């Protein structure tokens, strides 16, 4: 398995988690006193879906079969696990805190991918997406501190 394929599989899993996490968080906040946050989180969920599709399509172009089903090992250390607990309460700040934790994990996964020996084209995509994920994490952190 190439470094591109390994990195792609990990990033696809991370992006799927982020997409679901942001969507679940947005749904939780939509009817809260912080409904304006829901639109930001929905936009970020859509961003993650687009990033995931881009990586899968790029993998197919290179002839890699990027598994979109995920792995049991990845499920053990997903960054968005804390969201499940936050969604059971009524604390909008707790939901954002879980989102920041998930985003810290996503940034870390992108940084691990960038340490690999990636092909030039894939490195360009990962670098661009990494910058957007860092910006998204910072945006969610800004919402959290404005609370």
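In the numbering used here, the protein residues as written are -5 to 141.
Beta carbons are placed, not taken as given, at the ideal position from N, Cα and C, and that holds for glycine.
Nothing here was measured: the structure is a model prediction, and the numbers come from that model.
Contact belief for residue i with residue j at Cβ below 8 angstroms, rounded distance in angstroms
i	j	result
residue 128	residue 48	Wrong, their Cβ atoms sit about 17 angstroms apart, outside the cutoff.
residue 94	residue 42	Actually they do not touch by this definition, with Cβ atoms about 15 angstroms apart.
residue 23	residue 89	6 angstroms
residue 28	residue 92	Not confirmed; about 14 angstroms, so no contact.
residue 39	residue 13	5 angstroms
residue 124	residue 108	6 angstroms
residue 137	residue 50	Wrong, their Cβ atoms sit about 29 angstroms apart, outside the cutoff.
Local conformation of residue i per DSSP, three classes
i	result
residue 3	helix
residue 110	coil
residue 37	helix
residue -4	coil
residue 98	helix
residue 117	helix
residue 11	helix
residue 25	coil
residue 66	Confidence at residue 66 is low in this model, with a pLDDT of 43, below 50, so the placement of that residue should be treated as unreliable; the coordinate-derived value is given next. Helix.
residue 132	helix
residue 85	coil
is_contact[residue i, chain B] using C-beta, thresh 8 angstroms
i	result
residue 113	Note that chain B does not occur in the displayed structure, where there is just one protein chain.
Pair within 8 angstroms by beta-carbon distance, residue i and residue j
i	j	result
residue 30	residue 17	no
residue 103	residue 5	yes
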